[in-house]
Amino acid sequence: MLQLYFSPMACSLASRIALMEAGLEARYHRVNLVTKKRIEDDADFRGISAKGAVPVLVLENGERLTESAAVLQYIADLRPETGLAPPPGHVDRYRLQEWLSFIGAEIHKGFLFPTFWYKDEAAKAARVRIEESVAFAADHLNSRTHLVGDRFTVADAHLTWALLLLRYARVEIDRHPSLVSYLERMQARPAVREAIATESALRKTVAV
Ligand SMILES: N[C@@H](CCC(=O)N[C@@H](CS)C(=O)NCC(=O)O)C(=O)O
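For the sequence shown, the working numbering gives the first residue as 2, with consecutive numbering after it.
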């Protein structure tokens, strides 16, 4: 069975959403990202992934895959019939990768990381720049229901997580009606709703 290492409401939420949208069963291992321990048995998480970061997807053959963009596409490709990723070779597959890169680099690392971890000029600069990135996504969604094509893909799972965190970090996504209605639409999906409910409940428990 697939296994996903996660921390509640961290970026690994997108991988949980993808697994649930794909209808794939998985074993979930919660990680304390501060102590780098696996919660269930205190095992050293760096022994699982030297990066010490979630998500980590353990494949059926025991190989471990990291990086949301890779993990999300791997999950999507296990169930091509779900359309969670456009087929390899189609231009929309590169559109999907374009969005996964933008969300991972510009939104996640470019903004959320400096803002949560530092309180200096870099954090201020990141906050200025995020307005542009958010506006870019909002403009894109003005005339579209989804990021790529006209159906839900793993890029939507990734952006849904990022928008929830942006709200939490008090970035005013609510001034963009297209983002507000997009997030409502995404959260109306049963798999998305369930994944968020599961992790929100876990977040209230002690471990980080
Ligand atoms: N580039 C990685 C970033 C993964 C990442 O930064 N995960 C965060 C949680 S959102 C984490 O585990 N941070 C712990 C740490 O970096 O020590 C990806 O896109 O998956």
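All C-beta atoms in this analysis are idealised placements derived from N, C-alpha and C, irrespective of residue type, glycine included. Nothing here was measured: the structure is a model prediction, and the numbers come from that model.
Does the separation of the CB atoms of Ala192 and Leu97 fall below 7 Å? no
Arg31 in three-state terms, based on DSSP: strand
On the DSSP letters alone, give me the boundaries of the alpha helix (DSSP H) that Thr161 sits inside. 155 to 169
DSSP state of Asp175, grouped into three classes? helix
Since Leu180 and Ala127 should fall inside the 8 Å C-beta cutoff, what is the C-beta to C-beta distance between them, to a whole number of angstroms? Not really, about 19 Å apart at Cβ, beyond 8 Å.
In this structure, does DSSP put Asp45 in helix, strand or coil? strand
Who are the Cβ neighbours of Thr204 in its own chain at under 6 Å, not counting the five residues just before and after it? It is Arg, not Thr, that sits at residue 204 in the sequence shown. Cβ neighbours of Arg204 beyond the five flanking positions: Pro9, Met10.
Grab the span of the beta strand (DSSP E) containing Val57 for me, first residue to last. 57 to 59
Would DSSP call Thr67 helix, strand or coil? strand
Is any heavy atom of ligand 1 found at a distance shorter than 6 Å from the C-beta of Ser201? no
Does the contact criterion of 3 or more C-beta pairs under 8 Å hold for the segment 56 to 71 versus the segment 115 to 129? no
Hey, how far is the Cα of Leu167 from the Cα of His159? 12 Å
Could you check the C-alpha separation between Trp100 and Thr36 for me, to the nearest Å? 31 Å
By Cβ distance, which residues of its chain are closer than 6 Å to Ile108, with the 5 residues on each side in sequence left out? Ser134, Ala163
Can we count Ala11 as close to ligand 1, meaning its CB is less than 6 Å from some heavy atom? yes
Using the beta-carbon count (16 or more within 10 Å), is His91 buried or exposed? exposed
Within 7 Å (strictly less), CB to CB, does Val135 reach chain B? Absent from the structure: chain B. Only one protein chain is present.
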